[in-house]
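As structure tokens, the structure follows; a few thoughts come after it.
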Amino acid sequence: MQPKLQVLSNIIERLKNVTTTGTGRLYGIKHNNTLTIITFNINNDSDDTFNTLSFVSFLPTNVDPCGILYIEENDENIPETFKNHEIVLKYFLNNTNAEWYYNNGELEKFSSIEIINENKFKEQFAYVRIQLGIPLIGENEKILDTLKKINEHISSGKVAFYFPSKNIYLFNNNDDDDVENAQLKELFNVLRTNGGSVHNINAIYANALLQISKREPNNACKHAPVLHQAKYTFDSIEYTFNIDRLVLVNHGITSVELYKALVKSICQYINIVIMFWKSNPYICMDYVIPLEWFYFKPRILGHLLTVPYISGWDDDSMMSCLKQLHTTLALDLTRPYFRRMNSVQFFNDVQNNDVLINPHESIPSITDGKSSIVYGLYSYHHYMQNEFDDNGWGCAYRSLQTIISWYRLQGYTDIPIPSHKEMQKCLVDIGDKPFNFIGSKQWIGSTEVGFILETLLGINIKILCASNGEEVSILASDLAHHFDTQGTPIMIGGGVLAHTILGINYNESSGEVKFLILDPHYCGSEKINTVINKGWCGWKSKDFWRKDSFYNMCLPQRPIYITSLYLKQNLMLRVFTV
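Numbering (full-length UniProt numbering), first residue to last: 1 to 578.
Right under this line is the structure:
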């Protein structure tokens, strides 16, 4: 019987980046009779660093290998060794066509498949995030044995899960029939809550609780306690072993199935750590787990990925492994996707006073005309933030902070957002301003913004000029080209005001031009509803620009980022071989 097959649309788009023949694996999640394929990786014949086992550890639990990817130039026969796999995707480089096959004793072509986008994907699946801190106390030399015992303890069902959002406990054997027989969507209303932007991800939080006592039967024999004391000298360790894992589940999963998935996820994590420890004893010489786990969601992937970093190592030291991850996922090597600054936040980690990320995503899109929008993520910087009063003079500084935040959140830099004083000092250091400029309330314009970007980030910038507000609209095609090719926010200054342009919409039939504006003159708190409803971020007509003002626009360019190989390459290869 032909199974129902769903394919995340991002897979089809990402396959277009593949330029050579080869093979790979498909990964997906099955629920009832429906298989949903969410990602693939390319096999690397030169080494086995990203073999199936290690790549699965990057994916949320429940996303498992489910088929083979076969990439070829022409219509060649599928190799016999592939014909015993459940699913086979045959992809043609010469015309980017894809053929899907399933195993029914022999390979048969699917009569139909369903391509789903991310919104459809969110309607069916939810992420569950498990967090657990386990105190490790024992002898140094026996720490791995301690981890193995903990793993056995958890895998035997001696663990419970608490969901604080709904005050629900999930046990191995639930006494509450309403919980035991319920589906995920009934317990957590996931159809209404599973939203989230690219940067702020919504997940169902679960805290794991280890059982530390035994349930004795009523007729158990009673004995006096016996204490055995042994005195000897040894090196001990006391350390909190933190677990942070993601599980991907269908909304229709039952609580019993959910419990099994959560246990599986924790046990997988402990096994990964044990194998890492065995493979890298020199890194673990202090008997502390030196791994930091970061979550990433590049738009081109459409799903979350977990990448481990070595504590104390900077992004550049990880470069060779990140390059391999780019290659195995068929991602552009000139763009950073997995540097620390690219990592996502979860809604539960966001504080009320945190700077807003991508407020324009809360604005309804324009249906008429063609829109060209800023790519990726930025943070909204405006007057009076961080308890610093720059009302009336700091708008260009705030626009510059927004631009630098874009380079941070895309992973191009990890420098902190500079203060007004630091930006002023930069201009003094390069000889553009006198020393008394530092600490003043003097304005800066597009030219100074460009100088600071070139100095602090080492990037190129372009300047566009308009002699009045009407000419800004004439430059619409140039601005659209910038967003389509570079994707960075634009700072525009005219008269005594500065703004940030996030996008442009051009209606060819009517000739109307609209600008997506982020206004740095806002003085309020980080309330998205106020920002949107009061027009501090929104679409503006050409009349927004003054007809009697001269305008300069600073167009920051996206750097070409090439993942380089470093001296630590051989060391880092072993980090990911788990």
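Think of the CB as a built atom: it goes at the ideal place given N, C-alpha and C, for glycine as much as any other residue.
Just so it is clear, the structure is predicted and the values come from calculations on it, not from any experiment.
- When only Cα atoms are considered, N74 and N33 end up about 32 Å apart.
- A contact is defined here as three or more CB-CB pairs under 8 Å, and the segment 299-308 meets this definition with respect to the segment 2-15.
- Put simply, the segment 371-378 touches the segment 498-505. At least three CB pairs are less than 8 Å apart.
- As far as DSSP is concerned, L325 takes part in no beta bridge.
- With fewer than 16 other Cβ atoms from the protein chains shown falling within 10 Å of its own Cβ, N460 counts as exposed.
- Note on the segment 441-499: whole beta strand (DSSP E) runs with a minimum of 3 residues are 461-466, 490-494, in chain order.
- Ranked by how close their Cα comes to the Cα of H381, the residues K370, S405, L555 have S405 in first place.
- Take the alpha-carbon of T19 and the one of G450: they are about 37 Å apart.
- DSSP lists L26, I87 as the beta-bridge partner residues of G67.
- As computed with DSSP, N242 is found in a beta bridge with G133.
- Note that the C-beta distance between L59 and Y91 is not below 8 Å.
- Here S265 is buried. Its C-beta has 16 or more other C-beta atoms within 10 Å.
- Distance between D315 and G22, taken at the CA atoms: about 30 Å.
- By the 16-neighbour rule on beta-carbons within 10 angstroms, L409 is buried.
- In the assembly as shown, E76 is an exposed residue. Its beta-carbon has fewer than 16 other beta-carbons within 10 Å.
- One Cα belongs to T367, the other to W313, and the distance between them is close to 46 Å.
- Leaving aside the five residues that flank G445 on each side, the residues in its chain whose CB is nearer than 7 Å to its CB run, in chain order, A396, G493, N552.
- Here the alpha carbon of T306 sits roughly 10 Å from the alpha carbon of D244.
- L8 is positioned such that its CB atom lies closer than 8 Å to that of I38.
- Of all alpha-carbon atoms in V56, N44, Q2, the one lying nearest the alpha-carbon of G28 is that of V56.
- Close CB contacts of L555 within its chain, under the 6 Å cut and outside five residues either way in sequence, are with K462, H482, I490 (chain order).
- For S541, the enclosing beta strand (DSSP E) covers residues 537-541.
- For N119, the enclosing alpha helix (DSSP H) covers residues 118-124.
- Using a Cβ-Cβ distance cut-off of 8 Å, the segment 407-422 and the segment 334-341 are in contact, since at least three pairs of beta carbons, one from each stretch, lie closer than that value.
- Less than 8 Å separates the beta-carbon of N103 from that of N84.
- Rounded to the nearest whole angstrom, the CA to CA distance from A476 to L464 is 11 Å.
- Contact annotation: the segment 202-209 touches the segment 129-136, with at least three C-beta pairs closer than 8 Å.
- A direct Cα-Cα distance of roughly 15 Å separates E99 from Q2.
- As DSSP reads the structure, C554 sits in a beta bridge with I463, M491.
- Residue range 159-163 is occupied by the beta strand (DSSP E) that includes A160.
- DSSP places P359 within a helical segment (H, G or I) once states are collapsed to three.
- If you draw a 10 Å sphere on the C-beta of G538, you find 16 or more other C-beta atoms in it, and that means buried.
- Per DSSP, reduced to three states, the secondary structure at Y295 is strand.
- The count of Cβ pairs closer than 8 Å, one atom from the segment 433-445 and one from the segment 533-548, stays below three, leaving the stretches out of contact.
- In the structure shown, V428 adopts helical secondary structure according to DSSP, grouped into three states.
- In this structure, N140 keeps its C-beta atom at 8 Å or more from the C-beta atom of I270.
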